[in-house]
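Residue numbers (my numbering): 34 to 455.
Just so you know, even glycine gets a beta-carbon here, dropped at the ideal spot from N, CA and C.
Below you'll find the structure, written out as structure tokens, and then a few comments.
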Ligand code: AMP
Ligand code: MG
């Protein structure tokens with residue numbers, strides 16, 4: 034069974050048995066183990082996949098000494114001391130991919146382009162802007178140069194035998210470039226966990242069916258399936274399940290067999306939790322939590338057979354807040370990589386914000402940069418957990434910490450820009 038640690042709040046008696054956000058995150062993460070299995074895939078498909086085997090370099094990169102700039106390859110023994118000058122004769126040209134053949138003798142220089150192999154006998158590249166061309170085949174060098182300047186040495190980026198990327202790395206664009214620079218075109222990545230998504234509720238309509246008064250179109254599956262595309266996971270859309278014990282049980286039983294994790298929305302609030310609880314108790318080991326978070330207080334979490342289960346609240350904003358707070362870090366861990374670091378900013382609020390101590394609040398905000406370079410934030414307006422347009426209007430969460438009370442205009446608040454999440 035998953036342990037719970039209630040956290041008391043100082044002001045709101047209804048939050049007395051609620052878990053803090055940090056404690057809920059900790060308990061969820063402590064429960065997750067990475068899926069097993071890996072596959073070898075072509076490198077161009079490996080973006081945002083999780084590396085299953087370390088990448089060990091079979092080469093020095095660069096593999097040869099080459100020019101870092103366009104200029105003249107010379108030997109440092111020919112460089113004059115300060116206040117002196119020297120004349121060097123140009124004996125040829127080296128281009129990237131087309132080396133100069135033959136050694137450089139004292140008093141000679143080779144015209145060289147960026148990336149070209151350093152000719153035998155040269156150890157320094159003089160930037161073309163730093164020398165004076167006297168004749169077609171002669172340059173004048175002043176005494177301001179250092180031995181070895183503008184040369185990229187073999188292995189200065191990567192040494193042969195070095196582990197350049199570790200197992201568990203979430204592959205980002207530069208990693209693909211790095212692997213490619215070693216000449217590899219395939220890579221071993223971890224299997225993507227399969228995540229099933231479903232919506233519950235008799236009031237939900239499918240898109241494409243006519244509107245019926247008193248009902249509403251299901252939006253949560255679309256928000257969740259969209260959010261999941263950023264993650265190294267495969268998704269299954271289980272559609273809408275009505276508020277019916279048997280139908281819910283059948284859907285969850287099937288999803289527990291085919292998925293590594295199941296995410297449902299709706300049906301965990303106090304009024305509806307009873308039959309959901311009965312179904313989940315029959316199929317697995319689920320805890321119903323009250324988390325001291327707004328929006329998003331009710332949350333169910335545990336195991337459904339072999340699968341993880343996240344029962345998110347029904348309200349559309351609460352779904353996204355609880356997804357980003359609890360589900361996203363858990364799914365990265367399930368996929369075999371550490372949850373990514375979410376950069377936050379401190380911003381000055383241009384309005385007073387209502388806030389009760391004893392819960393963490395995720396208000397939707399609009400973050401702007403003033404002409405003199407300060408971050409400012411204001412809310413998107415009404416903050417109800419059903420106001421999904423606030424997530425589209427806003428560009429960040431204003432995160433008001435557990436112990437914090439009302440916020441005055443001009444105070445500093447923490448924001449999570451959506452760009453880092455979505
Ligand atoms: P529940 O948690 O099932 O009590 O739902 C709370 C609120 O969220 C109700 O107003 C529901 O109509 C709404 N809701 C639940 N599921 C969805 C959904 N999939 N899409 C949009 N709204 C939903
Ligand atoms: Mg419902």
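How should residue i be labelled, buried or exposed, when 16 other C-beta atoms within 10 angstroms of its C-beta is the threshold for buried?
i: residue 455; result: exposed
i: residue 141; result: buried
i: residue 108; result: buried
i: residue 131; result: exposed
i: residue 205; result: exposed
i: residue 250; result: exposed
i: residue 133; result: buried
i: residue 152; result: buried
i: residue 423; result: buried
i: residue 38; result: Residue confidence is low: residue 38 scores 42 on pLDDT, short of 50, so the model does not pin down where it sits. Its coordinate-derived value is still stated next. Exposed is the call here.
i: residue 370; result: buried
From the DSSP output, in three-state form, read off residue i for me.
i: residue 466; result: Any answer about residue 466 is impossible in this case: the structure gives the chain only from 34 up to 455.
i: residue 126; result: strand
i: residue 270; result: strand
i: residue 385; result: coil
i: residue 309; result: helix
i: residue 450; result: strand
i: residue 182; result: coil
i: residue 261; result: helix
i: residue 411; result: strand
For ligand 4, is there a heavy atom less than 8 Å away from the beta-carbon of residue i?
i: residue 355; result: This structure does not include ligand 4; its bound ligands are ligand 1 and ligand 2.
Would you call the CB atoms of residue i and residue j closer than 9 Å?
i: residue 173; j: residue 165; result: yes
i: residue 180; j: residue 112; result: yes
i: residue 292; j: residue 363; result: no
i: residue 51; j: residue 324; result: yes
i: residue 198; j: residue 88; result: yes
i: residue 412; j: residue 432; result: no
i: residue 255; j: residue 58; result: no
i: residue 428; j: residue 450; result: yes
i: residue 101; j: residue 158; result: yes
i: residue 233; j: residue 299; result: yes
i: residue 296; j: residue 356; result: yes
Inset, instruction - Would you mind listing the alpha helix (DSSP H) stretches within the region 53-120 that are 4+ residues and don't spill past its ends, in chain order? - result: 54-63
Legend entry - the region 226-246 contacting the region 436-448, beta-carbon criterion three pairs below 8 Å: no
Legend entry - Three CB pairs or more closer than 8 Å across the region 111-123 and the region 67-74: Contact between the region 111-123 and the region 67-74 is absent, because fewer than three Cβ pairs lie under 8 Å.
Inset, instruction - Can you check the region 313-382 for any beta strand (DSSP E) of at least 3 residues that lies completely inside it and give the ranges in chain order? - result: 317-323, 331-337, 340-345 and 378-382
Legend entry - Contiguous beta strand (DSSP E) assignments of at least 3 residues, all confined to the region 210-237: 219-223 and 227-233
Legend entry - the region 184-198 in contact with the region 84-97 per 3-pair CB rule at 8 Å: yes
Legend entry - Segment contact, 8 Å Cβ cut-off, at least three pairs: the region 262-273 with the region 227-238: yes
Inset, instruction - Assess, as a yes-or-no matter, whether the region 379-395 is touched by the region 335-348 under the definition of 3 or more beta carbon pairs within less than 8 Å. - result: no
Legend entry - At least three beta-carbon pairs within less than 8 Å, the region 304-315 to the region 389-404: no
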